[in-house]
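Let me begin by presenting the structure, written as structure tokens, before commenting on it.
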């Protein structure tokens, strides 16, 4: 199962990946050392898979993404919206159109905002 699990993620075969993922999680549940960490591992792996899928698109319909992952659109909507709210996926969901739109963060803008923030902190320290 491990080979199909890893190769399917690498080869972007997401439906196969999710089927193998279930098998891996079942094996992890039986392990006394890994079982306490299953929820964390499941969440992180799903974020990686969704981010990898969305990286290829500017926008994608929920139906086509659900078909790619072999899950229902309702499940995918709930799952992705939680990751978006948590800041784990850079996307937004247009619920009316059923479209997931990616918004890749601008590196220059992020660096600029970070520099301004650090400058404000420095000025506040100096003024005290």
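Numbering (our numbering), first residue to last: 17 to 144. We treat Cβ as the ideally placed atom computed from N, Cα and C, and that holds for glycine.
With a minimum length of 3 residues, the unbroken runs of beta strand (DSSP E) contained wholly in the segment 82 to 133 fall at 107 to 110 and 115 to 118. Within the same chain, 105 come within 7 Å of residue 67 by CB-CB distance, once the 5 residues on both sides are set aside.
When DSSP states are grouped into helix, strand and coil, residue 24 belongs to the helix group. Bounds of the alpha helix (DSSP H) holding residue 70 are 54 to 71.
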